[in-house]
Amino acid sequence: VALADLNNDGWQDLVVGAPYYFERKEEVGGAVYVYMNEGGVFQPHPSLALTGPSYSAFGFALASIGDINQ
Numbered sequence: 078v079a080l081a082d083l084n085n086d087g088w089q090d091l092v093v094g095a096p097y098y099f100e101r102k103e104e105v106g107g108a109v110y111v112y113m114n115e116g117g118v119f120q121p122h123p124s125l126a127l128t129g130p131s132y133s134a135f136g137f138a139l140a141s142i143g144d145i146n147q
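Residue 78 is where the sequence shown starts when you use the working numbering, and the numbers rise one by one after that.
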């Protein structure tokens, strides 16, 4: 789990890693879910879901490194 202001609106957004997520009939192994903070409110479903290839453990490590283009 990591917090970061991804869209520069002043609110911390939530990033959740799920490295053991998989889909039986898909070649998916691991996921990262992004929940955008909308004025202090998080929606019950992620704003963005990213998945990795099978057995990749995608989402195992997350870190907030700040604004990398500053």
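Idealized CB from N, CA, C, for every residue including glycine.
Leaving out the 5 sequence neighbours to the left and right, which residues in its chain are closer than 7 Å to P96 when beta-carbon positions are compared? Excluding positions up to five away in sequence, the list reads G107, A134, F135, G136 and F137.
Roughly how many angstroms separate the alpha carbons of L83 and M113, rounded to a whole number? CA-CA distance, L83 to M113, rounds to 8 Å.
Residues bridged to Y132 (per DSSP): DSSP lists no partner for Y132.
Cβ pair V109, G94 closer than 7 Å: Yes, Cβ-Cβ distance for V109 and G94 is below 7 Å.
Using only the alpha-carbon positions, how far apart do F119 and D90 sit? In a straight line, the C-alpha of F119 is about 8 Å away from that of D90.
For F99, does the three-state DSSP call read helix, strand or coil? In the structure shown, F99 sits in a strand (DSSP, three-state: E or B).
Can the beta-carbon of V111 be found less than 7 Å from the beta-carbon of P123? At the C-beta level, V111 and P123 come within 7 Å of one another.
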